[in-house]
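Participant:
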Amino acid sequence: MKHIFKYFLGFLVLGFVACKQDQPAVEYSPIFPISGEWHTHVFNEDGSSASASLFALSTYNTSDNLSNVAWFKLSNVAQPFGVLAKVNVDVPNKTFVAGQYINTLPVPANSTAITLIEGKIMLNASTQPSKAVADSIYVKYKTGVNGKTYIVKGHRRTQWPEDQK
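If you're matching positions, the sequence shown starts at 251 in our numbering and goes up one per residue.
1) Use the C-beta contact count for Trp288: other C-beta atoms within 10 angstroms, 16 or more gives buried, fewer gives exposed.
2) So Ser308 is in the beta strand (DSSP E); what residue range does that whole segment cover?
3) Could you have a look at Asp413 and say whether DSSP puts it in helix, strand or coil?
4) Indicate whether Ala384 and Ser376 have their beta-carbon atoms separated by less than 7 Å.
5) Just curious, the beta strand (DSSP E) that Ser376 is in, first and last residue?
6) Compare the C-alpha of Val402 against each of Ser285, Phe282, Val292 and Glu277 and name the closest.
7) Cα separation between Tyr310 and Val337?
8) If I'm right that Ile367 touches Asn353 with Cβ under 8 Å, what's the distance once you round it to whole angstroms?
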């Protein structure tokens, strides 16, 4: 009986010690909350849909890890609105800096510029089907491929299955 009590007491102590874990501090990118993976739709300047597809937009820090430059990648292998460009950002105001940037996707050599007209992140501005609250993104830009202006609208990806549509 003494041995059972010792084993029970030992497992109880071990259980308390093993369950106590310090949580690591979360380290954010220097461009957070601009950085992220976004589910977006692309629209023409007049508001009509440029495509029925849902596009992944990724915004992430560069290898220099600067707080004022980000990669802007709108996944689309078909031109005209696929973009991969380093753009300037204003983290305190949660905006993309307007200007002309180089689209590094394989486009015709004379059509590599994109002009970022405006862009912003709106915190907690979207409620998803899962009832999760997510940040929203809005970007307006003009492409050098066809000279058209496109508007990208979407929300930060939540990873909940019902929000993946």
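Beta carbons are placed, not taken as given, at the ideal position from N, Cα and C, and that holds for glycine.
Facilitator: The short version:
1) Here residue 288 refers to the residue found at position 38 when the sequence shown is read from its first residue. Classification of Trp288: buried, given that the 10 Å Cβ count is 16 or more.
2) The residue given as residue 308 occupies position 58 in the sequence shown. From DSSP, the beta strand (DSSP E) with Ser308 extends over Phe305 to Asn311.
3) Position 163 of the sequence shown, counted from the first residue, corresponds to residue 413. Residue state, collapsed to three classes: helix.
4) Translated into the one-based positions of the sequence shown, residue 384 becomes position 134. Translated into the one-based positions of the sequence shown, residue 376 becomes position 126. Yes, the pair counts as a contact, with Cβ atoms nearer than the cut-off.
5) Position 126 of the sequence shown, counted from the first residue, corresponds to residue 376. In the DSSP annotation of this structure, the continuous segment of the beta strand (DSSP E) that includes Ser376 starts and ends at Ala363 to Thr377.
6) Translated into the one-based positions of the sequence shown, residue 402 becomes position 152. Of Ser285, Phe282, Val292 and Glu277, the residue nearest in Cα terms is Val292.
7) Here the question's residue 310 lines up with position 60 in the sequence shown. Here the question's residue 337 lines up with position 87 in the sequence shown. Between Tyr310 and Val337, the C-alpha separation is close to 10 Å.
8) To locate residue 367, count along the sequence shown from 1; it is residue 117. To locate residue 353, count along the sequence shown from 1; it is residue 103. 15 Å between Cβ atoms; not a contact.
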